[in-house]
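Have a look at the structure below before the remarks.
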Amino acid sequence: PPSAGIEDIVVTATRREERLQEIPVTVTALTSGAIASAGVIDLRSLTTLVPGFSGNRTTSVILPVIRGVGSGGVSVGDEPNVATYIDGIYQPDAFSNSTELVEIERVEVLRGPQGTVFGRNATGGLINVITPEPSFSTRGRIAARYGRLRNDSSDYDVRGYFTTGLTETIAFDFAGLYRETDPYIEDLALGEDLGWIRVFDARSKLLFQPSDTVQFILTGGYTNQKSNINGSQPINDNTIGKSLPGVLLPQEAWQSSSSLEPRIDYEKVSLSLRGRIELDAFNIETATGYMHNSGVQFIDSDATNLDLGQINLPSIKAEAISQEVRLLSTGSGPLNWLVGIYAFQMKGSFDADFAVPNPAGPTTLPLIHTYLLPKTKTTSFAGFAEGTYALTDALFLTLGGRYTTEKREFIQIVNGAVVPPGWVDKRFNRATYRAALRYQFTEDANLYASYGTGFKSGVYNLLSPTNVPVNPEKIKAWEAGLKADPFRWLRTNFSVFHYDYSDLQVQARNAAGSGFVLLNAASSEIYGGEAEVTIVPGDGLNIRSAISYLHGKYTDFPGAQDFIPLARGGNMPAVTDASGNQVIRSPRFTAMMGIDWRTPLAGGEFGVSANFFHSSRVFYDAPNRFSQDPYEMVSGEISWTPGTEGLRLSLWVTNLTNAKVAQQVRPSPLGTDALYEKPRVIGVGAQYKF
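Residues 1 to 690 in the numbering used here are what the sequence shown spells out, letter by letter.
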């Protein structure tokens, strides 16, 4: 049968609702259906669906990278330079990126610096998560999935959503999730396996809409994550305990040897209030956000059953509040404009205990402990404006700018003593801007070119015993693209880009192993291109494909931290020149394809979906010693929707080929270890909508 045509997607990537194909920004927009059929449960899993995107995990957090731009810092106050927004509210810390995708409407991934209307820490791009708003009609769904993975472990989740009108002007909704994964990492020493995960996530909204032109939405959220997933394996037996008596060395992926049970607990409470008032000349939008995070981490840092190293964080706390007000034109006339102000404040602290071997010898007890008790405060203000002017019926010019002033305050306490002079602070000011030209040469084809800048302010490293901040990151980005729907069954989006990226903030373990260093790589050059093609050749069949080429090199990085493997085990710290090396966590080439086919059958609907992803080699350190070889990931689903209204049954699989993929590699003086992606999971699912 003929195609019904490709769905026209409306996005909010420019802070107003616009057609995806008409905005001069490179955006991948994923619907909830596409995400669910690919087995995506969190932001990290978007790696297999979004070209140029990588979502690596380090200990308990996810660090997104877009086109080679991404932070490595994980401490409180060191925010990722790929910004995450949920329903228009900025999520300021790395822990927020670990949030499960619970009852979403779509996810928009903006590639390239978003230095004007979003601005703060959107150097590499932005992840925009949109969830459903409450409805005055009653509806909902409940879904459950159950899977099995190695060692007969179970993986299951239950989730639900409900919305209804309470009065003629007030509506309510609730979304909830509970997910649990049994231990699947075989530990050779503890006598019990590691890798269990327990997640509870809940969100509720209250909509107040007294008229068609006024609405306010109050949102409350709660997340609790517990796991001991940090069990890891030394690469090539490289650990400081390699030659010691009684050491147990894992030889396979999903195998570990620990002297303590890792523990990662994380809790997040969030509140937000968003408002929109529509006037004749312009609209007023306001967004207020509050977040409180707390957590603990206990990690075996030498990755053996011998007690040779630990990283213990018994208390992690962060609290943030933000306020934004925007005025938007109503769209009449040749000029569409937006102006706004933004304010943000975040406070954070943690207790840290870095335990490393005694210099007298690895077996000499006790371990040497370094205790850190840092505190930090960040205050940021910004004003911004952007406008698009129709020069002709087909030619559109966009100009935008933002001015940010940001103050960082910090105090470090090492082994009970305050690092002089006590509280220190530094202010960072920066103007960022963007210009874009779009030519609409047919109703369904747009060509655009843009130039933009972005920055991430300097930051104090809470995981270091020093109190010297690193410099701000800065980026200059050129981009050109073509968005075209040449036929009603074909969509083709292409983009090319070039970045000058300077003062990259790169994190590594310090030479003593008792903390982390945060360095400025002087500069890097990144360029490449992406292509996304969607084909809908007939009703029920949807084919999505994308490729990404990324050339990212450090052009000047003479002081990179290096760890040289030693024959006896462990690494010798050194300083090296990483100039000319490939930028970390940035594969040269990625390709992905997704097929979704649905057809009527026996009074219901039968569906098959499959997703394939390929990545070239990924380096995890600036000297390019440690890497993940090229790999593929395959997932799929077979579904059946019988005649019963609202019921859907499925059989699904993730990591079909059981690929052994390191989601992080951690070199340090104690050795080099890796933590692997989850192995193959095969399961069943059921969903009922009402």
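Glycine included, C-beta positions come from ideal geometry on N, C-alpha and C. Predicted, not measured: the structure shown is a model, and the values here were computed from it.
Around the beta carbon of Ile240, a 10 Å sphere encloses 16 or more other beta carbons of the protein chains shown; the residue is thus reported as buried.
Short of 6 Å from the beta carbon of Gln412, and not among the five residues preceding or following it, lie these beta carbons of its own chain, in chain order: Pro374, Val419 and Asn467. Here Ala578 has Tyr554, Phe557, Ala560, Ala622 and Pro623 as same chain residues with Cβ atoms under 6 Å from its own Cβ, once five neighbours each way along the sequence are excluded.
Under DSSP, Ser349 shares a beta bridge with Lys317 and Lys375.
Counting along the chain, Ile217 sits inside the beta strand (DSSP E) bounded by residues Val214 to Ser227. For Gly147, the enclosing beta strand (DSSP E) stretches over residues Arg139 to Leu149. Within the same chain, and ignoring the five residues on either side of His614 in sequence, the residues whose Cβ sits closer than 6 Å to its Cβ are Ala591 and Glu632.
By the Cβ-count criterion, Gly55 is buried, with 16 or more other Cβ atoms from all chains shown falling within 10 Å of its own Cβ. Counting along the chain, the unbroken beta strand (DSSP E) around Ala431 starts and ends at Val424 to Thr442.
Ser627 is not a Cβ neighbour of Ser639, given a cutoff of 7 Å. If you look at Ser257, you'll find it isn't in any beta strand (DSSP E); DSSP assigns it neither H nor E. Per DSSP, Ser37 is one residue of the alpha helix (DSSP H) stretching across Ser32 to Ser37. In the DSSP assignment, Asn81 forms no beta bridge with any residue.
With 16 or more other Cβ atoms inside 10 Å of its own Cβ, Asn510 counts as buried. Close CB contacts of Val50 within its chain, under the 7 Å cut and outside five residues either way in sequence, are with Thr28 and Val109 (chain order). Within the DSSP bridge table, the entry for Gly165 names Ala171 as partners. The beta carbons of Val158 and Tyr184 sit no closer together than 7 Å. If you look at Val117, you'll find it isn't in any beta strand (DSSP E); DSSP assigns it neither H nor E. Judged by DSSP secondary structure, Glu17 falls outside any beta strand (DSSP E); it is assigned neither H nor E. Between Asp93 and Pro573, the alpha-carbon positions lie close to 29 Å from each other. The segment 420 to 433 makes contact with the segment 460 to 478, as at least three CB pairs between them are under 8 Å. No residue range can be given for Gln582, since it is assigned to no beta strand (DSSP E) and is classified by DSSP as neither H nor E.
The way I'd put it, the segment 299 to 316 does touch the segment 665 to 674; three or more beta-carbon pairs between them come closer than 8 Å.
When beta bridges are read from the DSSP output, Phe626 appears opposite no residue. Here Ser135 carries a coil assignment [DSSP, helix/strand/coil]. Taken atom to atom, the span from the alpha-carbon of Ser502 to that of Ser32 is near 36 Å. Per the C-alpha coordinates, the member of Tyr156, Thr286, Val247 and Gly191 positioned closest to Asp182 is Tyr156.
Cβ neighbours of Ser204 within its own chain (closer than 6 Å, five residues either side excluded): Phe174 and Gly220. Taking 7 Å as the cut-off, the beta carbon of Pro679 is found closer than this to the beta carbon of Leu149.
For Arg402, the three-state secondary structure derived from DSSP is strand. Straight-line spacing of the CA atoms in Gly481 and Ser450 works out to 9 Å. According to DSSP, Leu63 shares a beta bridge with Asn56.
With a contact defined as Cβ atoms closer than 8 Å, Tyr676 and Trp254 qualify at about 6 Å. Sequence-distant Cβ neighbours of Glu637 in its own chain, meaning closer than 6 Å and more than five residues away, are Ser37, Ser609, Ser650 and Trp652.
Under the criterion of beta carbons closer than 8 Å, Asp42 and Ile66 do not qualify as touching, at roughly 16 Å.
Annotated three-state conformation of Thr492 is strand, per DSSP.
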